[in-house]
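Single-structure report; data block below.
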Amino acid sequence: MKKHKQSSPGNLEEINIGRRKFLKCSAFLGGSAMLAGQLGLAKSLMQKAASGELTSVEAYALARAENIIYSVCLQCHTDCPIKAKLLKGVLVKIDGPAYSPQSMLQQVKYSTSPFDASKIDGKVCPKGQAGVQSLYDPYRIVKVLKRSGPRGSNQWQTIPFNQAIDEIIQGGYLFKNVKGEEKRYVTGLKEIRAVRNGKVMNTLADDAKKVARKQMSLAAFKNRHAAHLGKLIDPDHPDLGPLNNRFVFLAGRIEHGRKEFSQRWLNNAFGSVNWYEHVAICEQSHHVAYKMATNKYSNGKWSGGKDNLKPDALNSRFIIFFGTGAFEANFGPPPMAEKITEGIVSGRLKIAVIDPRFSKTAAKASMWIPIRPGTDAALALGMIRWIIENKRYDAGFLTNANKAAAAADGEPSWSTAAWLVRIEKNGTPGRYLRASDLAMGDDDTFVAYKDGKAIPVKPYSRNNPSEGELQVDTTIRNIRVKSAFQLLWESASSKSIEEWANICGTDPDMIKTLAKTFTSYGKQAVVEFYRGAVKHTNGYYNAQALISLNLLVGNPDWKGGLSAGGGHWHESGGKPGNPFNLKSMHPDMPGSFGLKLSREKTGYEETTLFKGYPAKRPFYPLSSNLYQEVLPSANAGYPYPVKAVFIHKGTPGFSVPAAQNQLNVLADVNAVPLLFACDIVIGESSMYADYIFPDLSVWERWGTPHVTPDVQTRTSKIRQPIVAPMTGTVKVFDERIPLCMEAVMLSIAEKLDLPGYGKNGLGENWDFTRMEDFYLKMAANIAFGDKADAAVPEVDEKEMKLFLRSRRRLTKSIFDSRRWEKAVGSDKWRQTVYVLNRGGRYEDFNRAYEGKYLRHKFAGVFSLYAEPVAAAKQSMTGRPFSGIALFESIQDSLGRPVNQAGYDLHLITYKDILGGQSRTLPNDYWMSEIMPENYVLMNSKDADRLGISDEELVKVVSKSNPRGEWDLRNGRKIPVQGRAKVVEGIRPGTVAVSWHFGHWAYGSADVVLNGQTIPGDSRRRKGLCPNVVLLTDPFLKDVCMTDPVGGSASFYDTHVKLIKV
Amino acid sequence: MVSEYRLIRMQKDLARSLKKPAAKRSWIMLIDVDKCIGCRACQVSCKAENVSPPGVTYRVVKEVEDGEYPNVNRIFMPTNCQQCDNPPCIKGLPEDAYTKREDGILVFHYEKMKGEKIFKKVQSQCPYTAVYRDTGAFYTANTPELEPYETRICYEYGKEWVRKGAGLSPIGAVRKCHFCLHRLESEMLPACVSTCVGGAMYFGDKNDSQSLVNELQKKRQTLRINESEGTEPRVIYLTGTIASVSVCAKCHG
């Protein structure tokens, strides 16, 4: 690897275009170069127009292919493809591409010429349309900022990029100018990166694992690794890993593309395990439940499950939405909504909505059932009870115990409903019975029961069909067993339908009607759910109960049934057709090991930290990305303290429930000694950073976001630069590149001499000195496809010219066709351009279905009973989790009920379609003009009872936050207050507040920059964000409550009071 | 579902009609109230397409809640200039201030439609609250940067307008929906139609018997707003599946 050159600090970032005077802080006056140029164009065209020379097509520049670049939105994670229209290099209009199945119910053929596609606009939601305003946000930052006051004081100094990187790497007395920090020494990344060698890392990792498994004594470990003990976090607990783990990358909505880029950098090159994204505050229990239901069994292990399945809404006849819909959030309105509306209006489809709030989706439903929040499993189990009692389930589907049996019935998938589960002496269900337990087969053969006999079940056998009885409760060879289906029946029949209805706060007849309707459409009925059902401490079990309903009607893989989606071509490579296997293109990779800060994917019992119950803090053996746990765990020093945190595209201090706990850590230099951020604005969390690096927005950069399973055709989307970067230009590896997350990582890689970067960084003759070296290889993998001979065509000359012409306004720092060509090799360039010219690769619509079936099938086994869940324990109580769906009441980390007496209203949150994350409402002015603030939505009965009138200002308080305020730890306190909106469309006793308002940073607050105050925008301060009143765990006292199985942060378990202001 | 997707079918309808002389076309817009999901993509798309400033919104989606818990309904009602064949808004205006085109679109000539007085007159005469005055405001006026999307060229009525600097300016003028005439002439559907997330928007030629808009009018219950006033609007609402005509009639009887 090449030795890095010492470039002098601050020599380059000044050269970029000067439109962003904001953080150059020199002036706010006068038009920029770009504006002047644009006016010049206007004039010449107008002269032409005035003399009548223009044809209509000429006059309307936005109809021309040369003014269009296809890319991908990220105003929400639906990641709709976009057709970006440019005038003189300015993004002026965003529409939906004709190529995209998310924008068109039937996309045009992929082979359609971009010249023909230019006139066809498809769908984009309002957030996507308003992307123009997120890109051209006047509060975007373009230069590196270093705080010049205490954390959170919003006092900043611009500093050269190289200085910032050097300080972060070298550490030192970096804030000696800040009062109180004169003597605070900050450890730099260089020192944190204790283990640098892959061989050392691997040996330590292997032996640490042996110590944890008690296969090696601690003394033997210490003896063997005496030279390296000082590089470990704690030599007495080698399984915590090396000191490298004390550097944390805490990302929020990071996506494929950047995910792989940053994991390679942190996990594989720097050597820390602590890479996070925000999934636990998003939908994690939904994902964990689907994974547990769809895991494949291989070599004694269940793994590789899919995290998201969805109705094939284009053909469904009945869909029940639990705690979600198709018209506001979810995945997402552009792909889903028209399938629903078209179905309802044509008479094909009916929908039911289970939501305490009468959502926009409920407005089109034939049934709206506003249950008590968090009781979804009770409703589902009531339905399951009725369905089983009335034999309305698909017995054919459920009795098939393996592939061969399913195939004989024309079923692509099957389930474990008939598989037998061992019942332990205390009556608890344990693992699945194996043929080996009965001495009738091996460990990987399961058992069903039929006609009084045990039947061996080889799950994937194509030739030996196994079927079993559904309701089995018997003893075989002295082993007590029950079928998975029987366990589900016992869970469902543990209460009467009346009792289930009571828990949900609904009518038993409603449950029966819903169950009857659901079982009246064969396989074209689907239960769909998302956050509303799972962001509770019982989220996983709710999800599992809802998935069980889908299995009862046997809907997987059927047209109109449950779909695993069309999938994507693999951009990371590794498939036969892919030219670049990016995972293996990492010479001398150091790698990483150890327990993650959030104690996830590992059982407490499997670590050297095990000391009986309760654990000091919970472990999450079945979940991952426990975003809410990262900062509080660092602060508690359990399992270890940290030295440095890099926050990126996420805002723990704002978006996590009980957010005060997160803010307290961000503001504390002792808890997080070095905090740096990469952000497009000064956000609610990045305002606490020591350094902020400006990032490129999604319209200026790369990404390969994956497609929702709502789409039935194979889809690989490519996000690519549309406009010239607004951030400054910096020099890294002798290349001029825009300031962004990748620039920070590449520069740190260069200066730390991390293996896998620089000349030959991706292997012999494959340099890694620019981000395109990585991302374009992903694009090439997509272009060449997974199978051999599956490449897209090469572009012709006309299309190649179009490719260059449409990028004519991009600066060299982001677009250099020769450099791009080099990144993939000339032999792959024309195919790569073909996919770039279309914004990705899209299978044609006629590949969606195959007779009665979806063409892209899951075609595997569904676990009705989740063996890995049953095998894991709740780390605070030592009790095993349940393998079968059940209803559990809301509990704290110790498994105790939570007393919220005196707080009479149950608070839920939701997203309006105008709002996604911070970059949408209220910061996009087209949308905040429509919806200037949010409300506390309440039923008229509650309003009357409390004497609150419509539009009246109220404050929201809870047991955890009786003052109802955010303490910004900088002297400012923000009350959680907003206007009441009195409606009929919400369950009495419930109040709802939409997410996206209540900002105190993100352009809403005054900031001091180089001594000058830049006033915030009052439009951006409107409304309220209730996250800070959500419950803090009563035992841990420093983090929100969490689902111990699924890992979801609890968003909807808090009761509040409204106080008139 | 229909064999050919709504947007593709209408794209073809449009191309066919554009082959005829303008006088033979008769543009109409259909809005399916049952399919409107109240997302307001149309509203934002319209603003971006036509560079309309704060306070000017050609397309508005109104929302009402009806009923009492738990029997609730929410109705979303997109509205815009109805391109009336007997437009009440233009009564008493100078004849050179507007053109009622043969294809049905009512064109406002911005240069002749400037000033508070003419705006008040047009506004008071329009029963659809569909007209706005461009007061010269910008969304990013009092921020660190006036952003370029606010000062870019806009193509309304096939001309080129800019809201800052030299050239034709719509500032001061009365502005309203024109069915995206500039897009139609380029063989593109109006921005609110192509972006409609719920698939509620339809557009086409009433004189074309093969058009999707004609097919739908025959299939569905239809409603025109303020029909009794004889305005002859070219925007037709489809209903009857979820929001019955009687619900609509509560406000538009």
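Protein sequences, first through last, are from chains E and L. Under this note's numbering, the very last position in the first sequence is 1062; numbers go up by exactly one each time. Under this note's numbering, the very last position in the second sequence is 258; numbers go up by exactly one each time. Glycine is no exception: its CB is placed at the ideal position from the N, C-alpha and C atoms.
**Prompt:** What does a CB cutoff of less than 7 Å around V187/E pick up in its chain, not counting 5 residues either side in sequence?
**Reply:** G172, G173, L175, P674, L675
**Request:** Give me the Cα-Cα distance between Q164/E and R152/E, rounded to the nearest whole angstrom.
**Result:** 19 Å
**Prompt:** In chain E, what lies closer than 7 Å to K25/L by C-beta?
**Reply:** Within 7 Å Cβ-Cβ: nothing; K25/L doesn't reach chain E, min ~15 Å.
**Prompt:** In chain order, what residues of the same chain lie with their CB nearer than 6 Å to the CB of Q525/E, ignoring the 5 residues before and after it?
**Reply:** S317, R318, G561
**Prompt:** Is the Cβ of C126/E closer than 8 Å to any Cβ of chain L?
**Reply:** yes
**Message:** If you reduce the DSSP assignment to three classes, tell me which class T134/E lands in.
**Reply:** With the sequence shown as reference, residue 134/E is identified as Gln, and Thr is not the correct amino acid for it. Reduced to three states, the DSSP call for Q134/E is helix.
**Message:** Looking at chain L, is there any beta carbon in it that lies within less than 8 Å of the beta carbon of T1055/E?
**Reply:** no
**Prompt:** What's the C-alpha gap between V58/E and V733/E?
**Reply:** With a pLDDT of only 48 at V58/E, under the threshold of 50, the placement of this residue in the model should not be trusted; the figure read from the coordinates follows. If you take the alpha carbons of V58/E and V733/E, they lie about 43 Å apart.
**Among V91/E, P82/E, G841/E, the one whose alpha carbon lies nearest that of V724/E** = Closest by alpha carbon: V91/E.
**Message:** Using the three-state DSSP reduction, which class does E851/E fall into: helix, strand or coil?
**Reply:** Here E851/E sits in strand by DSSP.
**Asked** Counting along the chain, where does the alpha helix (DSSP H) carrying R259/E start and finish?
**Response** It spans 259 to 264 - the alpha helix (DSSP H) in which R259/E sits, taken as one unbroken run.
**Request:** List the whole-angstrom C-beta distance separating Y100/E from R839/E, where the pair is believed to meet the contact cut-off of C-beta under 8 Å.
**Result:** 5 Å
**Item:** Of the residues D90/L, N85/L, A20/L, E9/L, the one placed nearest G235/L, counting alpha carbons only
**Value:** Scanning D90/L, N85/L, A20/L, E9/L for the CA closest to the CA of G235/L turns up D90/L.
**Prompt:** Using the C-alpha atoms, what's the distance from A178/L back to A142/L?
**Reply:** 12 Å
**Asked** Does G109/L come within less than 8 Å of chain E when only Cβ atoms are used?
**Response** No, no contact with chain E.
**Message:** Determine whether the beta carbon atoms of K982/E and Y1053/E lie at a separation below 8 Å.
**Reply:** No, the pair does not count as a contact, with Cβ atoms beyond the cut-off.
**Prompt:** According to DSSP, which residues form a beta bridge with F113/L?
**Reply:** DSSP output for F113/L lists Y103/L as bridge partner(s).
**Partners in chain E for E192/L, counting only beta-carbon separations shorter than 7 Å** = Residues of chain E whose Cβ lies closer than 7 Å to the Cβ of E192/L are, in chain order, K120.
**Request:** Kindly indicate which residue of D438/E, A440/E, R463/E, D452/E has the alpha-carbon position closest to the one of A409/E.
**Result:** R463/E
**Asked** I think A195/E touches P756/E, with their Cβ atoms under 8 Å apart; what is that distance to the nearest whole Å?
**Response** Between P756/E and A195/E the Cβ distance is about 15 Å, and since that is not below 8 Å, they are no contact.
**Asked** Taking buried to mean at least 16 other C-beta atoms within 10 Å of its own C-beta, is C256/L buried or exposed?
**Response** exposed
**Request:** Enumerate in chain order the residues of its own chain whose CB-to-CB distance from E800/E is below 8 Å, with the five nearest sequence positions on each side excluded.
**Result:** S114, P115, V834, Y835, N838
**Message:** Below 8 Å on C-beta distance, what does Y140/E contact in chain L?
**Reply:** T148, P149
**Item:** C-beta atoms of S549/E and A381/E nearer than 8 Å
**Value:** It is a contact, given that the beta carbons lie within the stated cut-off.
**Prompt:** So, helix, strand or coil for L747/E, using DSSP?
**Reply:** helix
**chain E contacts from the segment 173 to 200 of chain L (Cβ-Cβ distance under 8 Å)** = For the segment 173 to 200 of chain L, which is checked against every Cβ of chain E, the residues closer than 8 Å are L173, H187, R188, E190, S191, E192, M193, L194, A196, S199, T200.
**Prompt:** Counting contacts by CB-CB distance shorter than 8 Å, is N78/L in contact with chain E?
**Reply:** yes
**Message:** Quick check on the burial criterion: 16 or more other C-beta atoms within 10 angstroms. Buried or exposed for C253/L?
**Reply:** It counts as buried.
**Item:** Any C-beta of chain L under 8 Å from that of K361/E
**Value:** yes
**Item:** Assigned exposure category for G762/E - 16 Cβ within 10 Å defines buried
**Value:** buried
**Request:** Counting only the same chain and skipping the five closest in sequence on each side, list residues whose C-beta sits under 8 Å from that of D774/E.
**Result:** Excluding residues within five positions, the ones whose Cβ falls inside 8 Å are G762, L763, W767, D768, A824.
**Asked** Considering only residues of the same chain and omitting the five flanking positions on each side of Q76/E, which have a CB-CB separation below 6 Å?
**Response** Excluding positions up to five away in sequence, the list reads K128, G129, G132, G917, T921.
**Asked** Y689/E and G651/E: beta carbons closer than 8 Å?
**Response** no
**Prompt:** Apart from the five residues on each side of it in sequence, which residues of its chain come closer than 8 Å, Cβ to Cβ, to K110/E?
**Reply:** D845
**Prompt:** Just reading off the beta strand (DSSP E) that P83/L is part of, what are its end residues?
**Reply:** Unbroken beta strand (DSSP E) run through P83/L: 76 to 84.
**Message:** Within a Cβ cutoff of 8 Å, which residues of the same chain sit near V167/L, ignoring the five residues on either side of it in sequence?
**Reply:** T156, R157, I158, C159, L173, S174
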